[in-house]
Amino acid sequence: MLIKKKKKEGEEEEEEKGNKTYLLYQTLTALSVGVGGLVSSVAMGYTSPALPSMRSDPQFDITQEQESWVGAVMPAAALVGSVMAGPLVDKFGRRTSLLHLTWPYLLSWVLIATSSTVTGVVLGRLLSGMCVGVQAVVGSVLMPEIVQLDLRNILMLFPAVFGNFGMLLSFWAGEHMSWRELAWLGCVLCVPLLPLLAVLPETPQHLTSTGRRSESLAVLLVIRRTPREAHEEQEVVDTSVKAAAGGGSEGGAEEGLNNTMSLHQVVGGANTWPLSVAAGLMLAQQTTGITAVVFFASSILGGGGAAVLLGVVNFIGTFLGIFAVALVPRRRLLVFSSFVVVGALVILSLHFWMIGGHVGQQEQDTNQSGVASYIPVIALLSYILGFAVGWGPVPWVFLGEGLPSAVRGKAAAGVVAVNWASAFIITKTFGWSLTSLGPHMTFLSYAVLTTLLFAFLYPRLPETYQQSSAAMDKLYLDTYAKKRE
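Given below as C-alpha cells:
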C-alpha cells in the first residue's frame, strides 16, 4: 500500500511538472507567432503614415505613381513569399523557417531606412513583403500543430492581438516619427523574434514526416499535459502522415511527407471542398477593401490623427474578435460581419456621392457641414469593427481549423497566395479607382463584391467551431465518399 501511495504521489508530481511545461511552450509558441504578426502588421501599415512623411521630406522625391508602387509592391511580394512558404515549411520545418526569416526582415527595414531613392524603398518593401507572406503561412501552420484544442480559442488569437497592436503602433509612431525613423522602429521590433524562436521545438508533424518519429514523441511529451495525451496524439500524427504519403505501409510514418505529392493529391478528392472554401474566404476578405483602406487610411480620412483613431478602434475590435471567435460559430460571425461591413461601405459610397468630394479633401470643403464631416470617420470605424469580428479573423482561423491536416502546409501556402494576389490587385487599383470612378463607386464596388462572395460562400462553409482536426478530416472524407456513391 505504501509503495502504491508513493507511486501515485510521484505520478501526480510528474503530471504537475508536465502541466507547467506544456503551458510554457504553447504560450511561447503563441507569443512568437504573435510578435511575428506584430512585425508584419507594422510593415503592412507602414505606408499610411510614411507616404505623407515622404511627400514632406525635402530631401526625398516621390510621385503619385511611385506612391502606388510603394503601397502595392508589398502584397505582390507577399504573394511570392506565400508560395515559397509551402516548400520551406516542408523541407526546413515550421520553427526553423520562422527563425531564419528574421534576418531578411531586418535587412528589409535597413534598406528602407537608409534609402535615398524610391527604388531603395521599393526594394525594401519587396523584401519585407516576401517575409510577410512567408510568416503568414508558417505561423498559420505552426500554431495548430503545437497548440492543442482546449487552448486554441485563447492562444491562437495572440497573433490577432499583436497584429492589430502593430497596426496601431504603426499609425501612432507615424505621428511622431519620420518615415526613416519608423523603419528603424520596425528593425528593432524584429530582434525579440530571435530568442523566442530559439527556445521553441519543431512541430511533431514535421518531425514525423521527415522520419524523426522518436523526436516527435519527445516533443509531445514536453508540450502536452500528460504522457498519455502525448502518445495518443503521436498516433494521430502517424495516421495523418501515412494518409498524406498514400497510406498503407507501416513505414509510412517514417517516410511520410517526403514522398512527393502531386497537385491533384493536394487539391483533389476530399480536399477540394475545404480548399475552395478557404480560397474563397481569403478572396472575400480582400474584396472588402481592407488592405487598401489600411494602406491609405491617412489619405481617406484626411489626416494622421484620424488614422490613429482608426488604429485604436482596430485594436479594440481585436478583443471583440477574440471573444467572438471563442464564443460564436464561424458562420454566424460572417453573417454579422458582412452586414456591418457592407452597410458601412454603402454609407461611405452615399456620402461621397452626395458631397461630390474626393478622398482626403473632405476637410477642405467649406460647404460640408460639421455632421457630414464625421460621416466617413464613423462609417470607417464601424467598418473596422465589423471586419474585426468576422472577415478579419475567420479566414485565418479556418486555415488552422478547416484545412485537411494531411495537406495543411502546401494547402495553406496556396490559399494565402490567393489572399496576397487579391490584396495586390485591390491595392494597386485603389488609387486608379478613386481617380477614374470616384470614391462613391469604389466603395460601392467593394460592397457589391463582398455581398456576392458572401452569398456564394455561406451555403458551402463548414462549421469548424469547437471541432478537432480529426473531426473535420472525417467530415470531408465522409462527404466525398457519399458524393461518389
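Residue 226 in the working numbering is what sits at position 88 of the sequence shown, and the numbering runs on without skipping anything. Even glycine gets a Cβ: it sits at the ideal position worked out from N, Cα and C.
Looking at the secondary structure, which residues open and close the alpha helix (DSSP H) in which residue i lies?
{"i": "residue 423", "result": "410 to 425"}
{"i": "residue 327", "result": "317 to 328"}
{"i": "residue 191", "result": "185 to 194"}
{"i": "residue 342", "result": "342 to 347"}
{"i": "residue 544", "result": "It is not in any alpha helix (DSSP H) - residue 544 carries neither H nor E in the DSSP assignment."}
{"i": "residue 577", "result": "577 to 595"}
{"i": "residue 491", "result": "468 to 493"}
{"i": "residue 616", "result": "607 to 622"}
{"i": "residue 361", "result": "351 to 361"}
{"i": "residue 335", "result": "331 to 336"}
On the CB-based measure, 16 or more other CB atoms within 10 Å of its CB, does residue i come out buried or exposed?
{"i": "residue 512", "result": "exposed"}
{"i": "residue 572", "result": "buried"}
{"i": "residue 406", "result": "exposed"}
{"i": "residue 257", "result": "exposed"}
{"i": "residue 340", "result": "buried"}
{"i": "residue 442", "result": "Low confidence applies to residue 442: its pLDDT is 48, below 50, so where it sits in the model is not reliable, and the reading given next is rough at best. By the neighbour-count rule (16 or more Cβ atoms within 10 Å), residue 442 is buried."}
{"i": "residue 241", "result": "exposed"}
{"i": "residue 479", "result": "buried"}
{"i": "residue 622", "result": "exposed"}
{"i": "residue 366", "result": "exposed"}
{"i": "residue 170", "result": "buried"}
{"i": "residue 610", "result": "buried"}
{"i": "residue 570", "result": "exposed"}
{"i": "residue 616", "result": "exposed"}
{"i": "residue 329", "result": "exposed"}
{"i": "residue 607", "result": "buried"}
{"i": "residue 147", "result": "Confidence at residue 147 is low in this model, with a pLDDT of 46, below 50, so the placement of that residue is unreliable and no value is reported for it."}
{"i": "residue 388", "result": "Note on residue 388: pLDDT 41, under 50, position unreliable in the model; the coordinate value appears next. Exposed, by the Cβ-count rule."}
Verify the contact flag: residue i, CB atom, against every heavy atom of the ligand NAP, threshold strictly below 8 Å.
{"i": "residue 330", "result": "This structure lacks the ligand NAP; in fact it carries no ligand of any kind."}
Measure from the alpha carbon of residue i to the alpha carbon of each residue in the options, then state which is nearest.
{"i": "residue 425", "options": "328, 567, 372, 360", "result": "567"}
{"i": "residue 196", "options": "246, 317, 165", "result": "317"}
{"i": "residue 379", "options": "346, 370, 360", "result": "346"}
{"i": "residue 249", "options": "235, 264, 237, 239", "result": "264"}
{"i": "residue 230", "options": "422, 276, 296, 522", "result": "276"}
{"i": "residue 359", "options": "160, 212, 486", "result": "160"}
{"i": "residue 342", "options": "588, 371, 364", "result": "371"}
{"i": "residue 619", "options": "190, 311, 408", "result": "408"}
{"i": "residue 465", "options": "577, 290, 191, 402", "result": "290"}
{"i": "residue 319", "options": "296, 192, 217, 361", "result": "192"}
{"i": "residue 648", "options": "349, 449, 456, 488", "result": "Missing from the structure shown is residue 648; the chain here goes from 139 to 623 and no further."}
So, do the segment 401 to 412 and the segment 534 to 548 have three or more beta carbon pairs nearer to each other than 8 Å?
-> Judged by Cβ distances under 8 Å, the segment 401 to 412 makes contact with the segment 534 to 548, as three or more pairs qualify.
Cβ contact check for the segment 280 to 300 and the segment 198 to 217: 3 or more pairs under 8 Å | At 8 Å Cβ cutoff, the stretches do not touch.
Entirely enclosed alpha helix (DSSP H) segments - the segment 206 to 267, minimum 4 residues | If we require 4 residues or more, the alpha helix (DSSP H) runs fully inside the segment 206 to 267 come out as 232 to 252.
At least 3 beta-carbon pairs within less than 8 Å: the segment 294 to 314 vs the segment 247 to 254 | As far as the Cβ criterion goes, the segment 294 to 314 does not touch the segment 247 to 254, which means the pair count is below three.
Count the C-beta pairs between the segment 552 to 570 and the segment 420 to 432 that are closer than 8 Å, then say yes if the count reaches three, no if not.
-> Yes: the two stretches touch, three or more of their Cβ pairs being nearer than 8 Å.
Run through the segment 282 to 321 for me and flag every whole beta strand (DSSP E) of 3 or more residues, listed as ranges in chain order.
-> Fully enclosed beta strand (DSSP E) runs of 3 or longer: not present.
Is the segment 330 to 344 in contact with the segment 179 to 187, if contact means three or more CB pairs nearer than 8 Å?
-> At 8 Å Cβ cutoff, the stretches do not touch.
State whether the segment 262 to 279 contacts the segment 513 to 528, with contact taken as three or more CB pairs (one from each stretch) at a distance under 8 Å.
-> With the cut-off at 8 Å, the segment 262 to 279 and the segment 513 to 528 do not touch.
Taking one C-beta from the segment 455 to 475 and one from the segment 590 to 600 each time, how about it: are there three or more such pairs within less than 8 Å?
-> With three or more CB-CB distances shorter than 8 Å, the segment 455 to 475 counts as touching the segment 590 to 600.
Indicate whether the contact test is met: 3 or more Cβ pairs, each with one atom in the segment 580 to 597 and one in the segment 458 to 466, closer than 8 Å.
-> A contact between stretches requires three or more CB pairs, one per stretch, nearer than 8 Å, and the segment 580 to 597 fails this requirement with the segment 458 to 466.
Report yes or no: do three or more beta-carbon pairs, one from the segment 290 to 305 and one from the segment 170 to 179, lie closer than 8 Å?
-> Yes, they touch.
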